[in-house]
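Read top to bottom, the protein sequences are chains A and B.
Just so you know, we're using the working numbering here: the first sequence kicks off at 799 and counts up by one.
Just so you know, we're using the working numbering here: the second sequence kicks off at 74 and counts up by one.
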Amino acid sequence: AQSVTQPDIHITVSEGASLELRCNYSYGATPYLFWYVQSPGQGLQLLLKYFSGDTLVQGIKGFEAEFKRSQSSFNLRKPSVHWSAAAEYFCAVEGNDMRFGAGTRLTVKP
Amino acid sequence: DAGVTQSPTHLIKTRGQQVTLRCSPKSGHDTVSWYQQALGQGPQFIFQYYEEEERQRGNFPDRFSGHQFPNYSSELNVNALLLGDSALYLCASSRGGSLNTEAFFGQGTRLTVV
Chain A
799 AQSVTQPDIH ITVSEGASLE LRCNYSYGAT PYLFWYVQSP GQGLQLLLKY FSGDTLVQGI
859 KGFEAEFKRS QSSFNLRKPS VHWSAAAEYF CAVEGNDMRF GAGTRLTVKP
Chain B
74 DAGVTQSPTH LIKTRGQQVT LRCSPKSGHD TVSWYQQALG QGPQFIFQYY EEEERQRGNF
134 PDRFSGHQFP NYSSELNVNA LLLGDSALYL CASSRGGSLN TEAFFGQGTR LTVV
């Protein structure tokens, strides 16, 4: 079965700084990969997804992610972070079912 | 468009009781998936319903069951509640009976078992 690892439980960045959230997956075939964001008390919102094709994927809110098969990674990036980006971020992989990582909590310092 | 709506928003139950959670999918969606999110964890896939049948199931015991109605709404039932069932239960809707399409999530039902 597939699995997802998000190595960073908590990341703090300064407002305006760049951001990279790490995601590593394990799956025998070509995976379908997703990044979701969850604000406190809210459901999950899809930021972007990768199914095939171009390995650099653009999403909503200025986020992008790069699929690297050789590293089994799908890291999420944003060039400049606004305070409103503070939330929990989840990477997910779909294989036999949908598996989510444990999440990375993002704090943005003013 | 109301999006995905779940009810109730909060619920407290006693060990051994049974609970039913409800989900109405986003307009135009015919597929409903349920997830359990324990505190500090990522969501765990419970099962997916499409065309009123359970299509896929995660690693959850038979105490967890569900139903989908002709109007595509869905219920999640949990029997013989355990303290460990305390979690946020999320419903997601999508189209076409597949997981690999964009899923829209509701705000969840917070279940506390005491």
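Every residue, glycine too, gets a C-beta built ideally from N, C-alpha and C.
Assuming residue i and residue j make a contact with CB atoms under 8 Å, what is their CB distance in whole Å?
i, j, result
"B:Gln117", "B:Gly181", "In fact, because the Cβ distance is near 13 Å, the residues do not count as touching under 8 Å."
"B:Thr104", "B:Ser167", "5 Å"
"B:Val92", "B:Ala165", "The Cβ separation is near 19 Å, so there is no contact."
"B:Ala160", "B:Gln110", "6 Å"
"B:Ser147", "B:Tyr122", "5 Å"
"A:Leu811", "A:Gly899", "The sequence shown places Val at residue 811 of chain A, rather than the Leu named in the question. Between A:Gly899 and A:Val811 the Cβ distance is about 19 Å, and since that is not below 8 Å, they are no contact."
"A:Ala799", "A:Trp833", "20 Å between Cβ atoms; not a contact."
"B:Leu94", "B:Tyr162", "5 Å"
Once DSSP output is grouped into helix, strand and coil, what is the label at residue i?
i, result
"B:Ala176", "coil"
"A:Gly860", "helix"
"A:Ser868", "helix"
"A:Gly893", "coil"
"B:Leu154", "coil"
"A:Ser824", "strand"
"B:Ser106", "strand"
"A:Ala883", "helix"
"A:Thr810", "strand"
Pull up the distance between the alpha-carbon of residue i and that of residue j, whole angstroms please.
i, j, result
"B:Phe142", "B:Glu125", "6 Å"
"A:Ser850", "A:Gln869", "16 Å"
"A:His880", "A:Gly857", "16 Å"
"A:Thr751", "B:Ile119", "With chain A represented from 799 up to 908, any question about residue 751 of chain A goes unanswered, as that position is not in the structure."
"B:Ile85", "A:Asp895", "29 Å"
"A:Asp806", "A:Phe861", "18 Å"
"B:Lys99", "B:Val187", "32 Å"
"A:Ile809", "A:Cys889", "15 Å"
"B:Gln90", "A:Arg897", "28 Å"
"A:Gly912", "A:Arg867", "This structure leaves residue 912 of chain A out entirely; chain A is present only between 799 and 908."
"B:Thr87", "B:Tyr108", "21 Å"
"A:Gln804", "B:Gly115", "10 Å"
"B:Thr185", "A:Pro908", "35 Å"
"B:Phe133", "A:Leu854", "35 Å"
"B:Asp158", "B:Glu127", "21 Å"
"A:Lys859", "B:Arg183", "28 Å"
"A:Ser882", "B:Gln129", "35 Å"
Can you tell which of the options has its C-alpha closest to the C-alpha of residue i?
i, options, result
"A:Glu892", "B:Gly131, B:Leu163, B:Asp158", "B:Gly131"
"B:Gly169", "B:Ala75, B:Gly89, B:Gly101", "B:Gly101"
"B:Gly179", "A:Ala900, A:Gln836, A:Ser878, A:Leu854", "A:Gln836"
"A:Ala885", "B:Gly113, B:Arg88, B:Tyr162", "B:Gly113"
"A:Ser878", "A:Tyr848, A:Gly814, A:Cys889", "A:Gly814"
"A:Phe865", "A:Ser882, A:Lys847, A:Lys859", "A:Lys847"
"B:Ser106", "B:Leu184, B:Leu155, B:Thr174", "B:Thr174"
Tell me, please, whether the region 862 to 876 of chain A touches the region 137 to 152 of chain B by the rule of three or more beta-carbon pairs shorter than 8 Å. Three or more Cβ pairs closer than 8 Å define a contact, and the region 862 to 876 of chain A falls short of that threshold against the region 137 to 152 of chain B.
Would the region 805 to 825 of chain A count as touching the region 841 to 848 of chain A if we require 3 or more Cβ pairs under 8 Å? With the cut-off at 8 Å, the region 805 to 825 of chain A and the region 841 to 848 of chain A do not touch.
Do three or more CB pairs link the region 143 to 151 of chain B to the region 889 to 906 of chain A at distances below 8 Å? The region 143 to 151 of chain B is not in contact with the region 889 to 906 of chain A.
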